[in-house]
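Colleague: Pasting in a structure now, in structure tokens, and then I'll have a few things to ask.
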Amino acid sequence: MSIKSLAAIVVLNFALSIAPLSAQLATPNAMGVSIGHVHVNARDLEAQQRFWPQLGGTLVHNEKIQMVQFPGMFINLRTQAPTGGTVGSVVNHIGFHVKDLSYWVPKWEAAGLKVEAGANPKQKFLTAPDDIRVEIIEDSTIATPVAMHHIHMYVPDPLATQAWYIKNFGGTAGKRGQYDTVNVPGTELTLAKSATPQEPTKGRSIDHIGFEIKNLDQFVKNLEANGIHTDAPIRTSGNAPKLRLAYIVDPWGTNIELTEGLTPAPAPQAAAKAGFEVGIPGVLVQ
40 MSIKSLAAIV VLNFALSIAP LSAQLATPNA MGVSIGHVHV NARDLEAQQR FWPQLGGTLV
100 HNEKIQMVQF PGMFINLRTQ APTGGTVGSV VNHIGFHVKD LSYWVPKWEA AGLKVEAGAN
160 PKQKFLTAPD DIRVEIIEDS TIATPVAMHH IHMYVPDPLA TQAWYIKNFG GTAGKRGQYD
220 TVNVPGTELT LAKSATPQEP TKGRSIDHIG FEIKNLDQFV KNLEANGIHT DAPIRTSGNA
280 PKLRLAYIVD PWGTNIELTE GLTPAPAPQA AAKAGFEVGI PGVLVQ
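In the working numbering, the protein residues as written are 40 to 325.
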């Protein structure tokens, strides 16, 4: 085997080793559903792009769609002034697990982020730009430094909401502390009982949540058979030509995007870039 061939193998193996497994969404459930993204309306896009990497996210994009990648899901960013923050809307906040709070908290404080204490030492709260409330819970068992954990919804009847997401998205019922939950691959929908009506999410800083769907056409047909209609026929995104989408709204005002093809394609230059950074000493791999 030539030195050049051996060098190419080293580079390829390195490129594969650095390709983030977190770029993959969770394996879908029997109905073809996994969490895809949470969509943020940003008054200042750059402020959002500074905040989320401080939680361990990575800035990526799918064509023109600006995204922040976390293990198993994305935060999608759009420049649009929100009508309000998350508190007061159906989606009150989103939550992440971190492996070690003692690692993260000093970094957040050094960056000037306000860290609020939670109900116990393993729980903290942050506020992202545009008044997005973010819960942080320590879980030393997770495989990555940070991971998506939950979307916390405030609804009048948690059990009715649970039943709706189980029927239409194939979620599984659960319980976490006082809260009823629905588990779909990649996240938990945490359902809190609200005595007062909450505002719909559309237009707020978290405008909608998104589920990635395997076989979107059949999934929409199943929804229609259950009396749930999309805002318009399935269409191709004007910002990412390989992304197909449609929207629905749940009975409590949560705007939901249904996507197929959300994950960005791997950057074609990644392996080539790696070739100039590592390899056999004295061998230039091109």
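Beta carbons: idealized from backbone N, C-alpha and C, even for Gly.
1) With 16 as the cutoff for other CB atoms within 10 Å, does residue 204 come out buried or exposed?
2) As a quick exercise: from 183, 89 and 255, pick the residue whose alpha carbon is nearest that of residue 106.
3) Which residue from 170, 171 and 175 puts its Cα closest to that of residue 164?
4) So what does DSSP say about residue 263, is it helix, strand or coil?
5) State the Cα-Cα distance for the pair residue 111 and residue 272, rounded to the nearest angstrom.
6) Please state whether DSSP places residue 257 in a helix, a strand or coil.
7) Along the chain, where does the alpha helix (DSSP H) that runs through residue 148 open and close?
8) Measuring CB atoms only, is the segment 92–105 touching the segment 195–213, in the sense that at least three cross pairs come out at less than 8 angstroms?
9) Measure the beta-carbon distance from residue 189 to residue 226 and round it to whole angstroms, keeping in mind my assumption that it falls under 8 angstroms.
10) When the Cα of residue 73 is compared with those of 210, 160 and 184, which residue comes out closest?
11) State the CB to CB distance for the pair residue 197 and residue 169, rounded to an integer number of angstroms; the pair is presumed to be in contact (CB under 8 angstroms).
12) Between the alpha carbons of residue 126 and residue 84, how many angstroms are there, rounded?
13) Whole beta strand (DSSP E) runs in the segment 78–133 with 3 or more residues, listed along the chain?
14) With H, G and I counted as helix, E and B as strand and the rest as coil, what does DSSP make of residue 198?
15) For residue 224, is the beta carbon positioned less than 7 angstroms from some heavy atom of the ligand GDP?
16) In whole angstroms, what is the alpha-carbon distance linking residue 101 and residue 146?
17) With 16 as the cutoff for other CB atoms within 10 Å, does residue 129 come out buried or exposed?
18) CB-CB under 6 angstroms to residue 178, same chain, minus the five flanking residues each way: which ones, in chain order?
Modeller: So, from the data block:
1) As a first step, residue 204 must be located in the sequence shown, where it is residue number 165. Buried: at least 16 other Cβ atoms inside 10 Å.
2) As a first step, residue 106 must be located in the sequence shown, where it is residue number 67. Selected option, being the one with the closest Cα: 89.
3) As a position in the sequence shown, residue 164 is number 125, starting the count at 1. With distances taken between Cα atoms, residue 164 lies closest to 175.
4) Translated into the one-based positions of the sequence shown, residue 263 becomes position 224. In the three-state DSSP reduction, residue 263 falls in the helix class (H, G or I).
5) Indexing the sequence shown from 1 puts residue 111 at position 72. Indexing the sequence shown from 1 puts residue 272 at position 233. Using only the alpha carbons, I get a separation of about 27 angstroms.
6) Position 218 of the sequence shown holds residue 257. Three-state DSSP puts residue 257 in a helix.
7) For this step, residue 148 is matched to residue 109 along the sequence shown. Where residue 148 is concerned, the enclosing alpha helix (DSSP H) stretches over 140–149.
8) For the pair of segments examined, the segment 92–105 was found not to touch the segment 195–213: the number of CB pairs separated by less than 8 angstroms stays below three.
9) Position 150 of the sequence shown, counted from the start, is the residue given in the question as residue 189. Position 187 of the sequence shown, counted from the start, is the residue given in the question as residue 226. Right, their Cβ atoms sit about 6 angstroms apart.
10) As a first step, residue 73 is located in the sequence shown; it is residue number 34 there, counting from the start. Comparing Cα-Cα distances from residue 73 to each of 210, 160 and 184, the minimum goes to 210.
11) In the sequence shown, counting from the first residue as 1, residue 197 sits at position 158. In the sequence shown, counting from the first residue as 1, residue 169 sits at position 130. In this structure residue 197 does not touch residue 169 by the C-beta definition: roughly 27 angstroms separates them, more than the 8 angstroms allowed.
12) By 1-based counting over the sequence shown, the position of residue 126 is 87. By 1-based counting over the sequence shown, the position of residue 84 is 45. One Cα belongs to residue 126, the other to residue 84, and the distance between them is close to 20 angstroms.
13) 97–101, 104–109 and 112–118
14) For the purposes of this step, residue 198 is taken as residue 159 along the sequence shown, with counting starting at 1. Secondary structure of residue 198 (DSSP, three-state): helix.
15) Absence of the ligand GDP is noted for the structure shown, with no ligands found whatsoever.
16) Within the sequence shown, numbered from 1, the residue matching residue 101 stands at position 62. Within the sequence shown, numbered from 1, the residue matching residue 146 stands at position 107. The alpha-carbon atoms of residue 101 and residue 146 are separated by roughly 29 angstroms.
17) As a first step, residue 129 is located in the sequence shown; it is residue number 90 there, counting from the start. With at least 16 other beta carbons inside 10 angstroms of its own, residue 129 counts as buried.
18) The residue labelled residue 178 in the question sits at position 139 within the sequence shown. Here the set comprises 136.
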